[in-house]
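Novice:
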Amino acid sequence: MCNDIIIEVFSEYSWWIATIHFALAVLLFFIINWIGAHSISVGYMQMDIVIKEESAPAFNFLFKVIAPIVFLVLSAVLFQSLNIPQLNKNCYFIVIFYWCFRLLWVLCTNRGSLTNWCEQILYWISSIGLSLWVYSLLESVEQILPTPRSLLDQLWILIIIFVYSTLNKIQISREGTIKRKNKYITSRYKKFRAEYNDIIAGCYNNSTYEAITYSIMIYEDFNRPKLIRLIEYLRFFITRKPHTLGIMQVTTDKWINNKKSIYLAMERIKHSGEEYIEKYKDYEYRNYYESPGNMAEYIANNYNSGDYTYASQIREVLDYINSTFYEGKLPSLFPPTKDTHANE
């Protein structure tokens with residue numbers, strides 16, 4: 383029975399059709415990521431290492447499950463319009479390939495520990511199962527696009543919108559998310575400290591600068607994992623134009639490896655730190671600016687062209703590193719005040 387089904391599925395599924403479906407799946411991956419990045423304001427949750435409140439769980443679930451189905455239907459309409467009906471054969475593989483590619487991407491970019499696998503399995507089952515059902519509907523009709531009359535008959539859409547709006551108000555516990563993200567930061571910190579501690583400690587001999595450097599390193603590595611950095615190196619060799627290279631994502635017109643990028647980054651971090659101290663050491667509210675977190679935000683703003691979101695996320699990573707590995711005792715780098723000398 384199972385063998386008969388497999389033979390039937392692949393009997394008309396040639397390699398060139400599979401290649402086109404896979405290419406569309408990869409395109410779908412980047413389209414969904416782009417749409418998601420521009421839907422944060424309405425509640426879309428991107429994978430991140432900073433803890434955020436999930437304000438729209440229903441939107442996230444429906445978007446991640448149904449977006450591939452919408453793409454599948456639009457692809458089927460396109461194939462039919464272009465008179466290439468053979469591409470509609472087993473076109474549900476576009477959704478299957480999409481989820482396989484997303485899984486591969488997560489594993490290749492070291493984001494497995496951040497992933498809620500139970501949630502992902504639910505997405506896979508829901509989305510792939512729905513794609514098979516939609517495919518069965520597509521096969522049973524000659525014209526995929528609906529008639530105006532059929533659209534008027536779909537009053538149940540209003541019910542779906544009502545249920546969606548209601549479910550979207552439900553708040554989901556962040557406990558599991560917090561544990562995964564803290565575990566991820568811990569593992570990356572230990573890994574990078576084991577690899578680069580001699581370089582960083584030797585340059586600074588200061589735990590505050592060290593912790594800020596590791597915070598930036600962890601966040602940059604998350605946003606530009608090794609696979610992406612390899613692509614950046616390839617682009618650099620082809621174009622010979624300035625690129626952000628290395629684990630610290632330093633902009634340069636020369637080839638640099640991870641260690642060189644760390645050296646260059648440390649120079650920038652220390653320069654920004656000294657600038658920060660000089661700027662606020664005699665300030666009226668000096669106690670506020672002595673905080674390592676505030677200093678980290680200033681340094682991060684300079685490091686990444688004044689991006690406030692980037693700075694706040696670096697601070698959150700630093701706060702976790704400080705509380706976990708430095709017992710919350712990262713020292714202020716400000717020089718002692720005159721009052722301090724007088725008391726001594």
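Going by the working numbering, the sequence shown runs without a break in its numbering and finishes at 726. For each residue, glycine too, the CB sits at the ideal point set by N, CA and C.
(1) Please report the distance separating the alpha-carbon of isoleucine 629 from that of tryptophan 506.
(2) Tell me whether lysine 434 sits in a helix, a strand or coil according to DSSP, three-state version.
(3) Which runs of the beta strand (DSSP E) fall wholly inside the segment 582 to 653 and span at least 3 residues, in chain order?
(4) Which residue wins for smallest C-alpha separation from glutamate 679, given the options Asn669, Ser705, Ile651?
(5) With distances taken between CB atoms, is the gap from serine 518 to tyrosine 474 smaller than 7 Å?
(6) Quick one, are the C-beta atoms of proline 607 and threonine 497 less than 7 Å apart?
(7) Can we say the segment 703 to 711 touches the segment 562 to 571, given the rule of at least three CB pairs closer than 8 Å?
(8) What first and last residue would you give for the alpha helix (DSSP H) that runs through threonine 706?
(9) Mind the definition here: the segment 655 to 669 touches the segment 706 to 718 only if three or more C-beta pairs lie below 8 Å; say whether that holds.
(10) Nearest to valine 488 by CA position, among Ala458, Ile610, Trp416, Ala405, is which residue?
(11) To the nearest angstrom, how far is the alpha carbon of phenylalanine 483 from that of lysine 663?
(12) Would DSSP call aspartate 580 helix, strand or coil?
(13) Can you give me the start and stop residues for the alpha helix (DSSP H) that cysteine 482 sits inside?
(14) Given a cut-off of 7 Å, decide if alanine 449 and isoleucine 414 are closer than it, judged by their beta-carbon atoms.
(15) DSSP state of proline 467, grouped into three classes?
(16) To the nearest angstrom, how far is the alpha carbon of tryptophan 416 from that of serine 396?
(17) Which class does asparagine 498 belong to by DSSP, given the choice of helix, strand or coil?
(18) Of the residues Asn676, Ser673, Ser597, Gln502, which one's Cα is nearest the Cα of phenylalanine 443?
(19) Using a Cβ-Cβ cut-off of 8 Å (strictly less than) and excluding sequence neighbours within five positions of serine 495, which residues of its own chain qualify?
(20) Would you please state the rounded distance, in angstroms, between the beta carbons of leucine 454 and valine 516? I believe it to be under 8 Å.
(21) Identify whether threonine 559 lies in helix, strand or coil by the three-state DSSP scheme.
(22) Where does proline 718 fall in DSSP's three states?
(23) Nearest to valine 452 by alpha carbon, out of Val477, Asn588, Thr559, Leu464?
(24) Hey, quick one: how far does the alpha helix (DSSP H) through arginine 668 stretch, first residue to last?
(25) What do you get for valine 424, buried or exposed, if any count of 16 or more other CB atoms within 10 angstroms of its CB means buried?
(26) Suppose contacts are defined by Cβ-Cβ distances below 7 Å. Is methionine 648 in contact with cysteine 585 by that definition?
Specialist: Once the coordinates are examined:
(1) Looking at the two C-alpha atoms, the distance is approximately 32 Å.
(2) With a pLDDT of only 49 at lysine 434, under 50, the local geometry of the prediction cannot be trusted, and no value is derived from it.
(3) 625 to 627, 632 to 634
(4) Ile651
(5) no
(6) no
(7) yes
(8) Segment 690 to 707, the alpha helix (DSSP H) holding threonine 706.
(9) yes
(10) Ranking the options by Cα distance to valine 488, first place goes to Ile610.
(11) 51 Å
(12) helix
(13) 475 to 490
(14) yes
(15) Correct three-state label for proline 467: helix.
(16) 30 Å
(17) Asparagine 498 falls in the coil class under three-state DSSP.
(18) Gln502
(19) Arg562, Lys565, Tyr566, Ser569
(20) 6 Å
(21) helix
(22) coil
(23) Val477
(24) 668 to 671
(25) Model confidence at valine 424 stands at a pLDDT of 43, short of 50, so the residue's coordinates are unreliable; what they give is reported in the following sentence. Burial call: exposed.
(26) yes
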